[in-house]
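In my numbering, the protein residues as written are 116 to 174.
Structure record follows, encoded as structure tokens.
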Amino acid sequence: MIEIEQREDIQPVCPFCKKEIKKVSFQELDGHLGKRYLYFCPECRSVLGVSHRKGFWMG
């Protein structure tokens, strides 16, 4: 199993523009079966990830 460690002494770096990530921007994506969130770098606007779908029964 891989261990998880919280680190506050370093900043993550965007894999695309290589700048430190101090905040992450997002947009909500709505669909007929639920919603997802698209996370992206505020500097270069490259997509960093997409959340899992939440169905209408999950809010």
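Positions of the beta carbon are idealized from the N, C-alpha and C atoms, including for glycine.
Check your understanding: So, helix, strand or coil for S161, using DSSP?
Key -> Walking along the sequence shown from the start, residue 161 turns up at place 46. Correct three-state label for S161: coil.
Practice item. Rank Q121, Y152, E123, G146 by C-alpha distance to the C-alpha of V139 and give the top, closest one. Key: The sequence position of residue 139 within the sequence shown is 24, counting from 1. Selected option, being the one with the closest Cα: Y152.
Review point. How would you call C156, buried or exposed, if buried means at least 16 neighbouring beta carbons within 10 angstroms?
Key: As a working mapping, residue 156 is identified with position 41 in the sequence shown. C156 is classed as buried because its beta carbon has at least 16 other beta carbons within 10 Å across all chains shown.
Review point. At what residues does the beta strand (DSSP E) containing F155 begin and finish?
Key: To locate residue 155, count along the sequence shown from 1; it is residue 40. Its beta strand (DSSP E) spans residues 149-155.
Review point. In terms of residue numbering, what span does the beta strand (DSSP E) encompassing Q121 cover?
Key: Your numbering for residue 121 matches position 6 in the sequence shown. Where Q121 is concerned, there is no enclosing beta strand (DSSP E), given that its DSSP letter is neither H nor E.
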